[in-house]
Amino acid sequence: QIWSDNNDTTVVWGFLVRNQTIFAGSQGSSISGTFRSTNNGSSWFPNNFGLPGNAIYSNSFATNDSMVFAATYAGVFRSKLSDTVWAFTGDGISTGYSNNGIINSNGNLFVVLSNASVFKSTNAGSIWSSASSGLPVNSANAHLFSESSNRLLLGSSLGVFESSDNGNSWASITDSIGNPHIDGMSV
């Protein structure tokens with residue numbers, strides 16, 4: 028693979044690697060969309076069928092044994108890993124906010140919205156319910172989501188919040204840090 032500058036201001040918002048398949052969500056001045064590679068990135072093709080115009084680039088991806096899930100500006104969508112068609116699966120999730128992160132934790136899906144609301148699905152995205160107890164909903168800009176050792180971590184403009192009970196409750200773990208605006212997180 029040879030990389031070259033094409034004078035495009037493309038931003039890759041999220042990606043997922045699953046065996047030899049890679050999903051990437053990008054936005055750029057000349058090319059935007061969700062892309063798939065089935066050969067470790069040697070070649071790419073658009074993977075936008077079923078996504079509305081404001082959802083063609085994905086903020087993050089998650090997977091289970093047979094499905095890939097995309098958190099987009101228009102909601103949550105899913106596709107079979109072996110398919111190229113997306114279907115909306117965000118019923119029950121608040122509208123009006125971007126879906127900034129999605130993860131699979133112990134078989135449950137969690138999506139975080141830009142207003143720090145969290146929603147949980149225990150059935151591959153068919154039904155979603157609120158999982159925001161203890162979060163500063165509507166007062167924080169949440170944009171990161173991670174999991175480590177059965178703990179869910181959410182990064183936001185008000186710090187890092189943790190759930191150790193599968194999203195049932197959340198608590199700040201950065202109270203002792205002054206002005207803890209979190210822009211990056213890795214576990």
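Numbering (this note's numbering), first residue to last: 28 to 214.
All C-beta atoms in this analysis are idealised placements derived from N, C-alpha and C, irrespective of residue type, glycine included.
Predicted, not measured: the structure shown is a model, and the values here were computed from it.
Residue(s) in a DSSP beta bridge with residue i
| i | result |
| --- | --- |
| leucine 43 | Phe50 |
| asparagine 17 | Outside the displayed range of the chain (28 to 214) lies residue 17, so it cannot be described from this structure. |
| alanine 89 | Phe96 |
| alanine 198 | Glu189 |
| valine 145 | Val139 |
Coarse secondary structure for residue i, derived from DSSP in three states
| i | result |
| --- | --- |
| glycine 161 | coil |
| glycine 119 | coil |
| glycine 60 | strand |
| glycine 80 | helix |
| threonine 99 | strand |
| glycine 186 | strand |
| asparagine 150 | coil |
| asparagine 66 | coil |
| asparagine 131 | strand |
| serine 176 | coil |
| leucine 181 | strand |
Check whether residue i and residue j have beta carbons under 8 Å apart
| i | j | result |
| --- | --- | --- |
| threonine 61 | asparagine 74 | yes |
| alanine 158 | glycine 194 | yes |
| leucine 136 | serine 148 | yes |
| phenylalanine 50 | valine 95 | yes |
Environment of residue i [buried if 16+ CB atoms lie within 10 Å]
| i | result |
| --- | --- |
| threonine 122 | exposed |
| isoleucine 204 | exposed |
| phenylalanine 146 | buried |
| arginine 63 | buried |
| asparagine 150 | exposed |
| phenylalanine 72 | exposed |
| serine 183 | buried |
| glycine 52 | buried |
| asparagine 198 | The amino acid occupying residue 198 in the given sequence is alanine; asparagine does not appear at that position. Exposed. |
Check your understanding: Is the segment 104-121 in contact with the segment 167-185, if contact means three or more CB pairs nearer than 8 Å?
Key -> No: fewer than three Cβ pairs fall under 8 Å.
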